[in-house]
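Asker: Residue numbers (the working numbering): 6 to 281. Ideal placement from N, C-alpha and C gives every residue a C-beta, glycine not left out. What you are looking at is a predicted structure, and each value in this text was computed from that prediction instead of being measured. Quick one: this structure, given as structure tokens, is what I'll be asking you about.
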């Protein structure tokens, strides 16, 4: 597995500087999570993708995915479940643009979240709109060689692995969608993370890492909570996971470099303990 860092942990820092510092620390990959103040949608051009991919390659890293689930990228946060057709169309357009940008960056993976349930929507209607919208996005992604992974998240409509599996059931076999497994989110929801890894190994296309204390959804630096990193790492090793394990610490941007250095040291120790 490769150790990566999510760029949302470097808010306020120019992306080129974040890439350089992560490479110097020893990270093997970067997860690009566009934000309004850092690679907002207006910058998703082929020219910027070409430039950025060269910056990453020159630093000796790869781009493990484009995470297009950041909040604030468009006005309506209800994503594909919005009641207004214009809002749904805007989100579909954003995901399609992210797919094109990812392809130009040279990564084959786009990660998204479900967004929250619209207040005036029934659950049944929300499911229907989400499935319909994802079908459109998957049909757009397939000929471009892009995979889509969904990240369950507490407080959002699809918050658990169980609901992710329900989404796959509703989509049917023709729509291939993977799982972005955020171990902190699973920790919050009392999921048996090693068991999830063993059961869903072929569907796990990306992994987010952070620590969690007292099941509260607040991303902590590895080592500050109760996540069983050894057991999770063992399960990933046993199932042959070879994707990226990406640190996601968006609440620690003021000390981004120190936090990234510490997190990498913890993960390297974690990898050594697994191999022992």
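CB-CB under 6 Å to residue 67, same chain, minus the five flanking residues each way: which ones, in chain order?
Answerer: Here the set comprises 34.
Asker: Kindly indicate the opening and closing residues of the beta strand (DSSP E) around residue 115.
Answerer: Its beta strand (DSSP E) spans residues 114-117.
Asker: Please report the straight-line C-alpha distance between residue 103 and residue 97, rounded to a whole angstrom.
Answerer: When rounded, the distance between both Cα atoms is 10 Å.
Asker: For residue 201, tell me which candidate among 239, 226, 230 and 181 has the shortest Cα-Cα distance.
Answerer: Looking at the Cα atoms, 239 is the closest of the given residues.
Asker: Does the separation of the CB atoms of residue 142 and residue 112 fall below 8 Å?
Answerer: Against a cut-off of 8 Å, the Cβ pair of residue 112 and residue 142 comes out as no contact.
Asker: Please go through the same chain and pick out, in chain order, the residues whose beta-carbon is closer than 8 Å to the beta-carbon of residue 256, but skip the five residues on each side of it.
Answerer: Once the five neighbours on either side are set aside, the close Cβ partners of residue 256 are 223 and 224.
Asker: Indicate the three-state DSSP secondary structure (helix, strand or coil) for residue 35 in the structure shown.
Answerer: Here residue 35 sits in strand by DSSP.
Asker: Any idea what DSSP makes of residue 56, helix, strand or coil?
Answerer: In this structure, residue 56 counts as helix in the three-state DSSP scheme.
Asker: Pairs of beta-carbons, one from the segment 83-92 and one from the segment 32-51, closer than 8 Å: are there three or more?
Answerer: Contact between the segment 83-92 and the segment 32-51 is absent, because fewer than three Cβ pairs lie under 8 Å.
Asker: Just to confirm, is the Cβ distance from residue 71 to residue 118 under 8 Å?
Answerer: Cβ distance not < 8 Å, so residue 71 and residue 118 don't count as in contact.
Asker: DSSP on residue 184, reduced to helix/strand/coil?
Answerer: Residue 184 falls in the strand class under three-state DSSP.
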